[in-house]
Amino acid sequence: MSNLLDDIDIAILNHLQENGRAQRNKIAEMVGLSVPSVSERMRKLEEKGLISSYNAVLDAKAFHFDITAFIFVQVDGSENYPSFVEEAATEKEILECHSITGDGSHFLKVRTKNTSSFERLLSRIQSWKGVSKTRSNLVLSSFKETRSLPIEQATEIIK
């Protein structure tokens, strides 16, 4: 497979982004190919790392994770970055960890049950080696949250 995605690959990937549980026979019907052809395309997309996983998206509120917050963290000294990232990876309430430019060195997206659990998480983060400053923003409401990519805008891939 070349580094170009054709319209069928894009259709398969878009459909899987919306419904990771889609049955291959439904995808095959949608794109006009046989089930074995769709299975082979999906296998190749997985092998190339274009599909990294299939996940269920859970409703955080249904599980009483009522607090979503973004935390800007200032980690002093690049020698502390690896340990910071390792610590962040062990915290279940930290959903995302990004190295950033601008205000802070890292940006975290977290989900916790309530303000008490958020305060405990923030205290743990502030105790990590190299963390000199944090700034938190609590989310009041969310109107859009997705991991779907607009892949039709980028038909050439890097991998």
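Each residue of the sequence shown is one higher than the one before, counting from 34 in this note's numbering.
Note that beta-carbon positions come from the ideal geometry of N, C-alpha and C, so glycine has one too.
Give me, in chain order, the residues of the same chain whose beta-carbon lies closer than 7 Å to that of residue i; leave out the 5 immediate sequence neighbours on both sides.
i: G53; result: Y87, N88
i: L171; result: I100, A102
i: V108; result: Y114, F117, S138, H139, G163, V164
i: A55; result: H48, L49
i: F151; result: I100, A102, T145
Using DSSP's beta-bridge definition, name the partner residues of residue i.
i: R144; result: T101
i: H139; result: V106, S132
i: N52; result: The partner list for N52 (beta bridge, DSSP) is empty, contrary to what the question assumes.
i: N58; result: None, per the DSSP bridge assignment.
i: V118; result: Answer by DSSP bridge pairing: none, since V118 is not bridged.
i: S169; result: I104
i: I127; result: V143
Spatial neighbours of residue i within its chain, please: C-beta separation below 8 Å, excluding the five flanking residues on both sides.
i: Q159; result: T167
i: S70; result: A61
i: L182; result: Q50
i: N58; result: V68
i: K94; result: none
Buried or exposed: which applies to residue i, given that a residue is buried once 16 or more other Cβ atoms fall within 10 Å of its Cβ?
i: I100; result: buried
i: L173; result: exposed
i: F96; result: exposed
i: T145; result: buried
i: L141; result: buried
i: L46; result: buried
i: V106; result: buried
i: R153; result: exposed
i: I104; result: buried
i: V90; result: exposed
i: R74; result: buried
i: L78; result: buried
i: L38; result: buried
Just checking: is the beta-carbon of residue i within a distance shorter than 8 Å of some beta-carbon in chain B?
i: D42; result: Here chain B cannot be found, since the structure has a single protein chain.
If I measure Cβ to Cβ from residue i and keep anything under 6 Å in the same chain, skipping five residues before and after, which residues do I get?
i: I254; result: The chain is shown from 34 up to 192; residue 254 falls before or after that span and cannot be answered.
i: E112; result: none
i: S169; result: A102, I104
ask   = Quick check: the stretch 119 to 126 against the stretch 176 to 183, are there 3 or more CB pairs under 8 Å?
value = no
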